[in-house]
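So for the sequence shown, this note's numbering puts the first residue at 21; every next one is plus one. The beta-carbon is built from N, C-alpha and C at its ideal position, and this holds for glycine as well. In this text the structure is predicted, and so the values were computed from the model without any measurement. Written out below as structure tokens is the structure these notes cover.
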Amino acid sequence: MTEKLNDITVDKFQEWCDPEELIEEQVAPENWDENKSLCDWLTDYFKKLLEFYKYAASVGDGILIYIT
């Protein structure tokens, strides 16, 4: 997963944060067009996710993902 996440730059991630497309795809929250800072907020969490995965990989830890 870390290798795949490393392929996504922050700039690329920000390009993908298209409010119109997110609304069309019904990605919550549904007010993407009302608050442009939501993409900034999401980008900040993406950066934290990258750091988390990089750290886990650097110390040889695995990550369990549980989706319900």
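Taking the continuous alpha helix (DSSP H) assigned at residue i, which residues delimit it?
i	result
Pro39	Pro39 to Glu44
Asp60	Ser57 to Ser78
Leu84	Leu84 -> no alpha helix (DSSP H), and no H or E assigned at all.
Looking only at C-alpha atoms, which of the options sits nearest to residue i?
i	options	result
Asp31	Glu41, Ile87 and Asp64	Asp64
Trp36	Tyr86, Tyr75, Cys59 and Glu54	Cys59
Asp27	Thr88, Asp81, Val79 and Tyr73	Tyr73
Thr22	Ile87, Phe66 and Tyr86	Phe66
Buried or exposed: where does residue i fall if 16 or more other Cβ atoms within 10 Å of its Cβ makes it buried?
i	result
Trp52	buried
Leu42	buried
Could you tell me the distance, in whole angstroms, from the CA atom of residue i to the CA atom of residue j?
i	j	result
Asp38	Gln46	12 Å
Glu54	Phe33	20 Å
Quick one: what's got a C-beta closer than 7 Å to residue i's C-beta in the same chain, skipping five residues either side?
i	result
Leu62	Cys37
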